[in-house]
Structures are given as structure tokens and as C-alpha cells.
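Here the structure is laid out as C-alpha cells; the discussion comes afterwards.
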Amino acid sequence: MLFLAAIRMVWVVWLRGPPPANFILDQDQLGSASGWSDGFRNGGRSEMSNNGFFTRIGKALRGEAPPSMPPAPAAPAVLPVTLDYEDDRIPSSAKARIRRILAGLLEVENALLREDMPNFSRVDIDQMREQHLPKLVKSYIDIPEAHRAEIFRKTGKSASFILDDSLDQMQTRVDTILRSLAQKDIETFTNNTKFVGERYSSNNPFD
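Just so you know, we're using our numbering here: the sequence shown kicks off at 21 and counts up by one.
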């Protein structure tokens, strides 16, 4: 009976809207979820558990906010992959390509300090220099030299050829970014010269 009375009380309050500010549930009437059987033995009167079901209902009806959840831990930082690009196991053709890519990335980074570029950011530069490029070269170095011939048997191309081809693809991406940045600079220069020509032209008859 006590349980039904408590449910009926909650149902009526829910239908009538939020309770007044001074509304407080009678803990003795509601009883305890954890000590429900003791409530029956004690004539239906029992203290309500702090973490019990009815406690949560009472707090909700009184407008008390639930305990806040702790903030989610921050994602661990991705450490750069370190690699010696002058390692003797790297082919000379790949070393030349790597130097060109690194120089291009530096040029892009300096250009991004002057202006933003849509669909590209400093994060992309860092990923290419600190993750993608060193991981590519390291994966080549890690192949035992005695087993690199297996790549040729499977693909018809040597491991060094495939490495150079992959580096060329990265270089193409860097060149595309540099070309886009240069195009923006050209457009800015063109617009400025057009403005100066219109603003300071001596063909104005009212000068």
C-alpha cells in the first residue's frame, strides 16, 4: 500500500506540473527502497536510503540538479615519428625527393603564416612532416634487404621504385598547395594594382 501511495503521489505531481519551491517529500511516508521489508515489519515506517529510488524521485521533484559527470579525459598527444633521412639504407633517389618535400613543406608553412588557405591547415603540414613522410620511409627501411626481392616478384616493381613513386605523390600534393597559395598572391597583387590604377589614374578630367 505504501508503494502504491508513493507512485500515486508522483503521478499526480507529474500531471499537475512542477511542485512548489517549498514542496518536500515525507521520507517516513515513502519508506526506503533498500529497507522495504524492514518498513513492513516496523509498521510501514522506515528511513529512506540516500541513494535509494525514492531519494532520486524526491530530489527531482524538489528541482535539485543531478551530480555532474567528470569531464572526459583529453586525447593523448600523437608524438612525431623521428627518423634519420640520411640513413644509408635509404636510396639516394629517395633522399633527394625527401629533401625537396621538406623544403616545400617549410615554404607552405611560411605562406600559411601570412594567410589562411581553405581546405588546408597547419595540422595537415604537421601530419605530413611528422607522421606520413617518416612512416613511409621507415616502412621501407624495416623491410629486410634480403626479402625486398619479394616485392618485385609480387608487383613487378622494386621496393625502391615504389618508395620513389609514393614520395612523388606527396610532392605533387605539396606542389598543388604551393600553386594555390601563389594563385592567391597573384590575385591579391592584381586587385591591388587595379585599385591603384583606378584611384590614381591621371585620366580623370576633374583632377
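Just so it is clear, CB atoms sit at the ideal spot from N, CA and C, and this is done for glycine as well.
For clarity, every value in this text was computed on a predicted model and none was experimentally measured.
Next item on the list: Tell me whether the beta-carbon of Ile145 lies closer than 7 Å to the beta-carbon of Val157.
Entry: no
Check: Exposed or buried, which one is Val98 when buried takes at least 16 other CB atoms within 10 Å?
Finding: exposed
Check: Apart from the five residues just before and just after Ser57, which ones in its own chain have a Cβ nearer than 7 Å to its Cβ?
Finding: Residue confidence is low: Ser57 scores 46 on pLDDT, short of 50, so the model does not pin down where it sits. Its coordinate-derived value is still stated next. Nothing meets the Cβ criterion.
Note to self: If you reduce the DSSP assignment to three classes, tell me which class Gly217 lands in.
What the structure shows: helix
Check: alpha helix (DSSP H) containing Gly124: first to last residue?
Finding: Residues Ser112 to Arg134.
Item checked: Cβ-Cβ distance between Val101 and Pro154 below 7 Å -> yes
Check: In three-state terms, what does DSSP make of Lys177?
Finding: coil
Check: My guess is that Ile161 and Ile110 are in contact by the Cβ rule of under 8 Å, so how many angstroms apart are they, rounded?
Finding: 7 Å
Item checked: Range of the contiguous alpha helix (DSSP H) that encloses Leu156 -> Leu153 to Ile161
Notebook entry, point to check: Mapping DSSP to helix, strand and coil, what is Thr192?
Noted result: helix
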